[in-house]
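With the working numbering as the guide, the letters of the sequence shown map in order to residues 299 to 553. All C-beta atoms, glycine included, are put in the ideal place defined by N, C-alpha and C.
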Amino acid sequence: MTWLVFLTALVAWELIALAADSFYFPRMTEILDAAATEVLFSGPASHLFLGEAVFGVLVPSLGLALGAWLLAALAGVIIGTALGRSPWAMDYFGALISFFRSIPPVTLMPVFLILFGLGTDMRVAAIVFSTLWPIVLNTVDGVRSVDSVKIDTARSLGTPRRYWIGMIVLPAAMPKVFAGLRLSLSIAILLMVVAEMVSSSGIGRELLTAQLGSDYPLMWAWVLMLGAIGYTLNTALLAVERLVLGWQPGRGDDV
299 MTWLVFLTAL
309 VAWELIALAA
319 DSFYFPRMTE
329 ILDAAATEVL
339 FSGPASHLFL
349 GEAVFGVLVP
359 SLGLALGAWL
369 LAALAGVIIG
379 TALGRSPWAM
389 DYFGALISFF
399 RSIPPVTLMP
409 VFLILFGLGT
419 DMRVAAIVFS
429 TLWPIVLNTV
439 DGVRSVDSVK
449 IDTARSLGTP
459 RRYWIGMIVL
469 PAAMPKVFAG
479 LRLSLSIAIL
489 LMVVAEMVSS
499 SGIGRELLTA
509 QLGSDYPLMW
519 AWVLMLGAIG
529 YTLNTALLAV
539 ERLVLGWQPG
549 RGDDV
């Protein structure tokens with residue numbers, strides 16, 4: 299059913315663009331042709347016909363974004379667990395974390411440009427900083443919502459405290475942790491594009507170059523590919539969530 303909706307949207311775009319005959323909104327067939335011939339399948343047979351943009355633009359950009367997101371995920375879960383387990387930490391740091399969380403990530407780009415320049419460090423720093431806070435706050439919320447009965451049971455059974463986090467706290471908090479991970483993944487893709495627009499390479503730079511060169515079929519091709527990438531990554535993360543949380547009643551089939 300989902301693919302039928304996508305197909306209907308593509309056909310509707312084609313018909314509307316054909317009727318409007320606008321230079322800025324090309325037909326879907328032109329956009330798909332640009333994606334295939336100029337980005338995806340413009341390479342030699344030795345590279346499985348995959349174009350230079352796949353290995354020189356798509357793979358590096360996604361690798362950097364996912365690497366920075368994973369770094370933020372690791373740090374966010376550790377920090378969030380520590381803050382959530384502490385009875386007083388959020389009283390001191392909660393307002394500061396909420397303040398950083400409230401800053402629109404895009405507005406910090408000039409700061410990261412000043413601190414790190416136009417290179418890879420700037421992009422990694424921007425993504426890590428912007429994606430860290432949703433993970434921290436959701437982890438804190440998840441850790442604090444752990445049923446006290448589970449802790450009391452572990453205590454009565456003599457389970458050492460050093461095992462509580464791995465055996466009780468994190469498993470119970472994982473639904474909210476995954477909610478933070480999904481939100482931060484969307485932010486990571488957004489920051490990847492914005493950071494690359496002011497950088498010298500990447501998907502964002504290619505999209506901006508196509509727009510400045512009035513190559514609108516290619517520009518829209520990059521936009522659609524970004525949408526497809528975001529949808530695919532979110533679907534993959536949902537699959538991981540179902541796998542990890544499959545032991546919880548009602549979670550295996552409905553996440």
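Query raised in the report: Buried or exposed: which applies to residue 372, given that a residue is buried once 16 or more other Cβ atoms fall within 10 Å of its Cβ?
Result: So residue 372 ends up on the exposed side.
Report task. Confirm, please, whether the CB-CB distance from residue 441 to residue 471 is below 7 Å. Result -> Yes.
Query raised in the report: Below 7 Å between beta carbons: does that hold for residue 325 and residue 336?
Result: Not a contact, by the Cβ cut-off of 7 Å.
Requested in this report: Could you name the residues of the same chain whose beta carbon sits closer than 6 Å to that of residue 323, not counting the 5 residues immediately before and after it, in chain order?
Outcome: So the qualifying residues of the chain are 315.
Report task. Take residue 304 and list the residues in its own chain whose beta-carbon comes closer than 8 Å to its own, dropping the five residues that flank it on each side. Result -> Hits under 8 Å: none found.
Report task. Jot down the residue ranges of each uninterrupted alpha helix (DSSP H) in the segment 400-440, minimum 4 residues, whole runs only, in chain order. Result -> Qualifying alpha helix (DSSP H) stretches, in chain order: 407-414.
Report task. Could you tell me whether the Cβ atoms of residue 486 and residue 429 are closer together than 7 Å? Result -> Yes.
Query raised in the report: In whole angstroms, what is the alpha-carbon distance linking residue 426 and residue 299?
Result: Whole-angstrom Cα-Cα distance: 36 Å.
Report task. Tell me the start and end of each unbroken alpha helix (DSSP H) in the segment 355-389 that is at least 4 residues and wholly inside, in chain order. Result -> Under the rule that a run must span 4 or more residues, the alpha helix (DSSP H) segments found entirely inside the segment 355-389 read 357-383.
Requested in this report: Taking residue 500 and residue 355 to be in contact with their CB atoms under 8 Å, please state how far apart those CB atoms are, rounded to whole angstroms.
Outcome: Contact flag correct, Cβ pair sits at about 6 Å.
Report task. Compare the C-alpha of residue 544 against each of 378, 469, 439 and 432 and name the closest. Result -> The shortest Cα separation from residue 544 among 378, 469, 439 and 432 belongs to 469.
Query - Inter-residue Cα distance where the pair is residue 333 and residue 511 - result: In a straight line, the C-alpha of residue 333 is about 16 Å away from that of residue 511.
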